[in-house]
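Visitor:
Residue numbers (the working numbering): 186 to 380.
1. According to the neighbour-count rule (16 or more other Cβ atoms, all chains shown, within 10 Å of its Cβ), is residue 211 buried or exposed?
2. Counting only the same chain and skipping the five closest in sequence on each side, list residues whose C-beta sits under 7 Å from that of residue 343.
3. Starting from the Cα of residue 298, find the closest Cα among 350, 328, 201, 237 and give me that residue.
4. Sort 380, 303, 352 by Cα distance to residue 238 and report the nearest one.
5. My assumption, with CB atoms under 8 Å, is that residue 245 sits in contact with residue 272. Please give the rounded CB distance.
6. For residue 299, which of helix, strand or coil comes out of DSSP?
7. Any heavy atom of the ligand SAM within a distance shorter than 7 Å of the CB on residue 293?
8. Is it the case that the Cβ atoms of residue 222 and residue 242 are separated by a distance below 8 Å?
Here is the structure:
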């Protein structure tokens, strides 16, 4: 039996840090995404540190760099390293991030050489997001209005992610297969809407 004694502490930390946040364009608490990512990390063979990083992967990006030291103290250097490597940009002193496409291009380049810990957490994060996008598209929602990249930019980004994850994980890895299938659903829904 696998036990994750520190995971509940990380869940409390994530719930507190993200308590006022919701998923883009919805009233769904942001915590649902964090739980989904952590669950996928465990499902795809991750250990407790990786599952904790899944819960906390957006804390620095969405809640601020001041969380780095408390995360290191409570959960360790490895967890913080994964979170930092999953972060595609933190706000500057004025609360602004670099332009969207610039950040996404840099993140794609970064993924080409990240360690296995980060690769797993990042792939699970992107899979959970892709599932939500594909589901919303299938139900007829105007998903791309929520995203800075719009339809073209979002599809470009997910196709780039898929290429990197397939290259790094292997096309036959179950996580890569699910990513390919889910991103394929996104593309098919866009094609159907355009027809």
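We treat Cβ as the ideally placed atom computed from N, Cα and C, and that holds for glycine.
This structure is a prediction, so every number in the text was calculated from the model and none was measured.
Guide: Let's see:
1. So residue 211 counts as exposed.
2. The residues are 315, 368, 371.
3. Selected option, being the one with the closest Cα: 350.
4. Taking only the C-alpha atoms, the option nearest residue 238 is 303.
5. The pair is a contact, with the Cβ atoms about 5 Å apart (cut-off 8 Å).
6. Coil at residue 299, not helix or strand.
7. In terms of ligand content, the structure shown is empty, and the ligand SAM therefore cannot be addressed.
8. Cβ atoms of residue 222 and residue 242: closer than 8 Å.
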